[in-house]
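Structure record follows, encoded as structure tokens.
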Ligand code: GLA
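Numbering (this note's numbering), first residue to last: 978 to 1361.
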């Protein structure tokens, strides 16, 4: 048993009489396709081997007892009394509430969870918390939801109590991830295909800036609104109903005079990022890694200057990567305003890359960055 699971199992045993089942619910990376899952785009995520472990058992009451092991916090509530709270409680309670809203008859639970995804790292610890609990409830009460239905349930859960109007990428990768595969997810039709992540001599290295600027979730919803505002103008003017239908920047330019510069910049990023992601999927399938790397840098430029979801720390980490010959491409990853950069780095040079980038970063910001080498793993599953 791994160390986290052992710790969680011990807390469970000390606290509850019921018999638990164990689950692993992963975080995710995203190669490219940022902030376009809620804009009808394609994204290229994968589940990873970092995540949240759950021990969950039925207690045959109407009460749910939660222990967030990493925070050493406890919370109990009767299912009919569930309401919006704060912090981690919102994520788990909102998931339970979604089962209630579906009129699925679930009973009480004892539940301990904890993991190794640094919160605020942009690797979606929130989707991992949601997905693990949804999967456990579905399993323990035999609700019969498919992985896709559970992903959608978790997305709705994140919209409700936590009030983050996220797209579907994180919850989908969390549920449907597959070892050694990336997911090409079509966020308009909510369909996907897998293909192997074959990076040859290269590895994916995450550099965690260890900053998480507070505006993150508020600004996220603002970006979403700005895109909706732009799309409404495009619909009105051109009768195009999705960012996906804008096949060139010339088409978007024809609406420029009707939009504020800010809204135009957001739309430009979205149109370009959708095109980049389609291109990236083709390059990856043909093993054209240099081209893929260049797209990552372009994506970062757009995220930083047009979409404005980066921050000085992330920009600096990407600029450090850019001058290293062993790096093919790098960009900020996830919602932004902190968290990780994703870097495609020659495996043989990964350690020296990590050493030099973390030293330079510490010299500038006085923060000790963390680094992780990640590979695609399975989606949420029961473990023994
Ligand atoms: C967060 C959201 C996702 C996605 C990313 C940005 O992780 O949960 O839906 O929008 O930001 O790509």
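Beta carbons: idealized from backbone N, C-alpha and C, even for Gly.
Neighbourhood of residue i by C-beta distance below 6 Å, restricted to the same chain and skipping five residues each side
i, result
"residue 1326", "1303"
"residue 1118", "1083"
"residue 1090", "1029 and 1031"
"residue 993", "1087"
"residue 1219", "1017"
"residue 1056", "1039"
"residue 1211", "1217 and 1232"
"residue 1321", "1179, 1270, 1305 and 1306"
"residue 1143", "1135"
"residue 1124", "1152 and 1153"
Three-state secondary structure assigned by DSSP to residue i
i, result
"residue 1247", "helix"
"residue 1158", "strand"
"residue 1309", "strand"
"residue 1288", "coil"
"residue 1041", "strand"
"residue 990", "helix"
"residue 1050", "strand"
"residue 1266", "helix"
"residue 1187", "strand"
"residue 1121", "coil"
"residue 1272", "helix"
"residue 1346", "coil"
"residue 1316", "strand"
"residue 1176", "coil"
"residue 1086", "strand"
"residue 1063", "coil"
"residue 1376", "Nothing in the structure corresponds to residue 1376, since the chain is present only between 978 and 1361."
"residue 1195", "helix"
"residue 1096", "coil"
Contact test: residue i Cβ vs the ligand GLA heavy atom, cutoff 8 Å
i, result
"residue 1088", "no"
"residue 1146", "yes"
"residue 1013", "yes"
"residue 1141", "yes"
"residue 1020", "yes"
"residue 1293", "no"
"residue 1197", "yes"
"residue 943", "In this structure the chain extends from 978 to 1361, so residue 943 is not present and cannot be described."
"residue 1205", "no"
"residue 1050", "no"
"residue 933", "Lying before the first or after the last residue shown, residue 933 is absent from the chain, which here runs from 978 to 1361."
"residue 1306", "no"
"residue 1311", "yes"
"residue 1055", "no"
"residue 1263", "no"
"residue 1151", "no"
"residue 1281", "no"
"residue 1287", "no"
"residue 1320", "no"
"residue 1123", "no"
"residue 1067", "no"
Per DSSP, the bridge partner or partners of residue i
i, result
"residue 1204", "DSSP, once it has assigned bridges, lists no residue as partnering residue 1204."
"residue 1181", "1321 and 1351"
"residue 1358", "1001"
"residue 1171", "1160"
"residue 1091", "1030"
"residue 1024", "1005"
"residue 1304", "1322"
"residue 1019", "1163"
"residue 1221", "DSSP output for residue 1221 lists no bridge partner at all."
"residue 1055", "1040"
"residue 1035", "1086"
Cut-off 8 Å between Cβ atoms - residues of its own chain near residue i, not counting five sequence neighbours on either side
i, result
"residue 1344", "1186, 1187, 1188, 1290 and 1338"
"residue 1178", "1323, 1324 and 1325"
"residue 1141", "1103, 1135, 1194, 1197 and 1198"
"residue 1380", "Because the chain spans 978 through 1361 in this model, residue 1380 falls outside it and cannot be assessed."
"residue 1021", "1007, 1008, 1009, 1010, 1159, 1160, 1161, 1162, 1254, 1257, 1258 and 1261"
"residue 1233", "1241"
"residue 1065", "1045, 1048, 1050 and 1106"
"residue 1246", "1012, 1279, 1280, 1283 and 1284"
Cut-off 7 Å between Cβ atoms - residues of its own chain near residue i, not counting five sequence neighbours on either side
i, result
"residue 1002", "1028, 1029, 1031, 1105, 1108, 1109, 1112, 1151 and 1357"
"residue 1173", "1157 and 1158"
"residue 1364", "Summary: the structure shown does not reach residue 1364, with the chain confined to residues 978 through 1361, and so no result is reported for it."
"residue 1342", "1290"
"residue 1267", "1305"
Check: residue i C-beta below 8 Å from any heavy atom of the ligand NAD
i, result
"residue 1023", "You won't find the ligand NAD in this model; what it holds is the ligand GLA."
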